[in-house]
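Using numbering that gives the first Met the number 0, the first residue of the sequence shown is number 0, and each one after it goes up by one.
Glycine residues also receive a C-beta, built at the ideal position from the N, C-alpha and C atoms.
Every value quoted in this text rests on a predicted model; they were computed, and no experiment measured them.
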Amino acid sequence: MATKPKTLPAITVTSRSPRGNLWRAGRDWSAQPTTVAISELSDAQIAALKAEPLLLVQNAEITPDGEVGQVE
Numbered sequence: 000m001a002t003k004p005k006t007l008p009a010i011t012v013t014s015r016s017p018r019g020n021l022w023r024a025g026r027d028w029s030a031q032p033t034t035v036a037i038s039e040l041s042d043a044q045i046a047a048l049k050a051e052p053l054l055l056v057q058n059a060e061i062t063p064d065g066e067v068g069q070v071e
């Protein structure tokens, strides 16, 4: 029986800026969705990303091999 790979909590961030990229929380976010493990960000960085209206921030999961899944 195959076991489900362990997943890590993550967020997927997408810029909605008319200029394309947007710099927040020490990173450059683009219109291409970028998924980052929560463990790579501080609480302050996560709060800044979620507070920015020009960024779409969604909860996600990431497997150790980099597979991404969205969380409802």
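What residues in its chain sit with their C-beta under 7 Å from that of residue 29, if we drop five residues either side in the sequence? Answer for residue 29: 14, 19, 20, listed in chain order.
Closest to residue 17 by CA distance: which of 62, 53, 23 is it? Restricting attention to 62, 53, 23, the CA atom closest to the CA of residue 17 is found in 53.
Beta strand (DSSP E) segments (min. 3 residues) lying fully within the segment 14-59: Runs of the beta strand (DSSP E) inside the segment 14-59: 21-23, 26-28, 33-36.
What does a CB cutoff of less than 8 Å around residue 7 pick up in its chain, not counting 5 residues either side in sequence? A distance below 8 Å between beta-carbons, with the five flanking residues on each side excluded, links residue 7 to the following residues of its chain, in chain order: 36, 37, 38, 60, 61, 62, 63.
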